[in-house]
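J.:
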Amino acid sequence: MKFVIATHNAHKVEEFRRILEPLGIEAVTADFEDVEETGTTFAENAQIKAEAACHATGLPSVADDSGLSVDALGGEPGVYSARWAGEGATDAQRIEKLLRKLDGVPADERTARFVSAIHCAFPDGTAVAVQGECEGTIAFAPAGAGGFGYDPVFLVGDKTYAEMTGAEKDAVSHRGKALRAFVEALKNR
């Protein structure tokens, strides 16, 4: 089974392939124009991206919209995770803003979750949509050299996502959970 991954984020493509290919799904990329993410939820943004890629390629297209929701910040950065520190901000700048906003917040109040909404649009107009979440906390300083985005400050247990191997992260991550739910939904389609 072949699916277009509706993203230009190389890190997401790598995670998709690492999780889906052992399950018999070929994750491919294709050229298509970026679409504006105008949704107010992760699910709406995933749907917008998947439908645009499906329309552009004529192939089933899978999109993920994901982000970090921090309780002490009222759910921020949420759907704005990638652009929360401004257009063109680096991962380090996003993390710096997050840690600055959480300055003085004690460890037990730094609860957060990563959310991943997956939407698959098929050329016949049908769709599959699922969501995965991973509960954690925000560290006081970045740790680890792996991952991307907020991974160096998102703690699950005593490790940040950035300190985990790919297999460890996939086993607990929001995207890993969502993609496994996606595969189950496809089996029941």
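Each residue of the sequence shown is one higher than the one before, starting from 0 at the first, in numbering that gives the first Met the number 0.
Ideal Cβ positions, reconstructed from N, Cα and C, are used throughout, including at glycine.
#1: Under the DSSP definition of a beta bridge, which residues are partnered with residue 168?
#2: Going by Cα to Cα distance, which pick from 130, 69 and 85 is closest to residue 100?
#3: Quick one: grab the DSSP three-state call for residue 145.
#4: With a Cβ-Cβ cutoff of 8 Å, do residue 132 and residue 109 count as a contact?
#5: So, do the segment 91 to 100 and the segment 23 to 39 have three or more beta carbon pairs nearer to each other than 8 Å?
#6: Rounded to whole angstroms, what is the Cα-Cα separation between residue 15 and residue 138?
#7: Going by other Cβ atoms of all chains shown within 10 Å of its Cβ, with 16 needed for buried, is residue 186 buried or exposed?
#8: So residue 36 and residue 64 are in contact, right, with Cβ under 8 Å, and what is the actual spacing, rounded?
#9: Give me, in chain order, the residues of the same chain whose beta-carbon lies closer than 7 Å to that of residue 71; leave out the 5 immediate sequence neighbours on both sides.
#10: Assuming residue 52 contacts residue 29 under a Cβ cut-off of 8 Å, what Cβ separation, rounded to an integer in Å, is found between them?
#11: Rounded to whole angstroms, what's the CA-CA distance from residue 106 to residue 124? Just pull it up for me.
#12: Please list the segments of the beta strand (DSSP E) lying wholly inside the segment 44 to 69, counting only runs of 3 or more residues, in order along the chain.
#13: Distance check for residue 147 and residue 162, CA to CA, integer angstroms please.
#14: Secondary structure at residue 24, three-state DSSP: helix, strand or coil?
#15: Between 167, 43 and 60, which lies nearest to residue 78 when the distance is taken from Cα to Cα?
#16: If you draw a straight line from the C-alpha of residue 50 to the C-alpha of residue 168, how long is it?
#17: One question on the structure: do residue 41 and residue 116 come within less than 8 Å of each other, judged by their Cβ atoms?
#18: Closer than 8 Å by C-beta to residue 34: which residues in its own chain qualify, once you throw out the five before and the five after it? Chain order, please.
#19: Please specify which runs of the beta strand (DSSP E), each continuous and at least 3 residues long, are wholly inside the segment 85 to 148, giving them in chain order.
T.: Taking the coordinates as given:
#1: In the sequence shown, the residue the question calls residue 168 occupies position 169. Beta-bridge pairing links residue 168 to no other residue.
#2: As a first step, residue 100 must be located in the sequence shown, where it is residue number 101. Nearest of 130, 69 and 85 to residue 100, Cα basis: 69.
#3: Locating residue 145 in the sequence shown gives position 146, where the first residue counts as 1. Three-state DSSP puts residue 145 in coil, outside helix and strand.
#4: Sequence index remark: in the sequence shown, residue 132 carries index 133 (1-based). Sequence index remark: in the sequence shown, residue 109 carries index 110 (1-based). Going by C-beta atoms, residue 132 is not nearer than 8 Å to residue 109.
#5: Contact fails: fewer than three Cβ-Cβ distances are below 8 Å.
#6: As a working mapping, residue 15 is identified with position 16 in the sequence shown. As a working mapping, residue 138 is identified with position 139 in the sequence shown. Answer to the nearest angstrom: the Cα atoms are 26 Å apart.
#7: The sequence position of residue 186 within the sequence shown is 187, counting from 1. Looking at its Cβ environment, which holds fewer than 16 other Cβ atoms inside 10 Å, residue 186 is exposed.
#8: For this step, residue 36 is matched to residue 37 along the sequence shown. For this step, residue 64 is matched to residue 65 along the sequence shown. Contact holds; Cβ gap of about 7 Å.
#9: Here residue 71 refers to the residue found at position 72 of the sequence shown. Excluding its 5 nearest sequence neighbours in each direction, residue 71 has C-beta neighbours in its own chain below 7 Å: 101, 104, 108 and 109, listed in chain order.
#10: Position 53 of the sequence shown, counted from the first residue, corresponds to residue 52. Position 30 of the sequence shown, counted from the first residue, corresponds to residue 29. Right, their Cβ atoms sit about 7 Å apart.
#11: Translated into positions along the sequence shown, residue 106 becomes position 107. Translated into positions along the sequence shown, residue 124 becomes position 125. Roughly 46 Å separates the two Cα atoms.
#12: 60 to 69
#13: Within the sequence shown, residue 162 is the residue found at index 163, counting from 1. Within the sequence shown, residue 147 is the residue found at index 148, counting from 1. Going by the C-alpha atoms only, they are around 11 Å apart.
#14: Working through the sequence shown from its first residue, we reach residue 24 at position 25. Reduced to three states, the DSSP call for residue 24 is coil.
#15: Residue numbering aside, residue 78 sits at position 79 when the sequence shown is read from its first letter. For residue 78, the closest alpha carbon among the candidates 167, 43 and 60 is that of 43.
#16: One-based indexing of the sequence shown puts residue 50 at position 51. One-based indexing of the sequence shown puts residue 168 at position 169. Approximately 28 Å between the Cα atoms of the pair.
#17: Stepping through the sequence shown from its first residue, residue 41 is reached at position 42. Stepping through the sequence shown from its first residue, residue 116 is reached at position 117. In contact: residue 41 and residue 116 (Cβ atoms closer than 8 Å).
#18: Here residue 34 corresponds to residue number 35 of the sequence shown, with the count starting at 1. Cβ neighbours of residue 34 beyond the five flanking positions: 47, 48 and 51.
#19: The segment 85 to 148 contains these whole beta strand (DSSP E) runs: 110 to 120 and 126 to 137.
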